[in-house]
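*Asks:* My questions will all concern the structure given below.
In UniProt numbering, the protein residues as written are 1 to 216.
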């Protein structure tokens with residue numbers, strides 16, 4: 001679409017330039033033939049001066065037309081360049097129901113299953129491939145009160161995202177980097193987590209400022 005607009009604008013400029021040259025040519029012709037009363041008492045102008053002006057106007061008009069045609073031909077055959085941007089890092093995961101071997105204690109990692117997006121889940125962790133600020137959104141309803149901490153980097157303190165509540169609707173922005181892994185650690189007051197269930201639970205991770213370093 002950009003090339004078509006450029007082509008249309010260049011054609012319009014060529015038409016205006018040609019019209020201007022024609023007007024100049026007409027003016028020169030008109031100036032070459034003056035009324036009889038204006039010529040009375042004046043010395044006759046040499047005829048070659050009028051012919052010279054007409055020749056100059058014709059040459060300028062021809063050069064302008066040639067330049068316009070060259071410009072139009074070059075841009076009409078130029079390939080259209082479409083800007084392509086890499087997809088923004090994102091993922092939507094679903095919180096899974098715990099199995100018996102995953103909930104032997106009152107503290108455990110919440111299972112995640114990928115639903116959509118460009119990022120991947122490995123061992124119930126969202127793998128970070130690009131540096132930047134990420135929006136992390138946790139939603140869902142738990143059958144009992146839970147406390148959830150968000151882990152993302154080895155050696156860093158986890159981020160407490162929920163504390164003793166059944167309803168999750170939390171959003172947080174964290175600066176993450178390549179090789180970080182995001183996972184949710186759940187703590188319950190119950191002696192066993194086998195009775196814990198979650199409805200409409202999801203964790204969404206979206207990169208907010210693309211353009212930083214990304215792993216190849």
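By construction, the Cβ of each residue, glycine as well, lies at the ideal position given by its N, Cα and C atoms.
#1: Roughly how many angstroms lie between the CA atoms of residue 204 and residue 68, to the nearest whole one?
#2: For the 8 angstroms Cβ check, are there 3 or more pairs between the stretch 113-123 and the stretch 145-155?
#3: Sorted by chain position, which residues of the same chain lie with C-beta nearer than 6 angstroms to residue 211's C-beta, five sequence neighbours on each side aside?
#4: Give the straight-line distance between the Cα atoms of residue 123 and residue 88, rounded to the nearest whole angstrom.
#5: What are the boundary residues of the beta strand (DSSP E) that residue 194 is part of?
#6: Going straight from the alpha carbon of residue 128 to that of residue 194, what length do you get?
#7: Under three-state DSSP, which class holds residue 155?
#8: Let me know the secondary structure DSSP gives residue 144 once reduced to three states.
#9: Should residue 55 go down as buried or exposed, given a rule of 16 or more other Cβ atoms within 10 Å for buried?
#10: In chain order, what residues of the same chain lie with their CB nearer than 7 angstroms to the CB of residue 145, ignoring the 5 residues before and after it?
#11: Under DSSP, the beta strand (DSSP E) around residue 92 begins and ends at which residues?
*Replies:* Based on what the coordinates show:
#1: 55 angstroms
#2: no
#3: none
#4: 23 angstroms
#5: Note, residue 194: premise wrong, no beta strand (DSSP E); not H, not E.
#6: 30 angstroms
#7: coil
#8: strand
#9: exposed
#10: 164, 165, 166, 189
#11: 90-95
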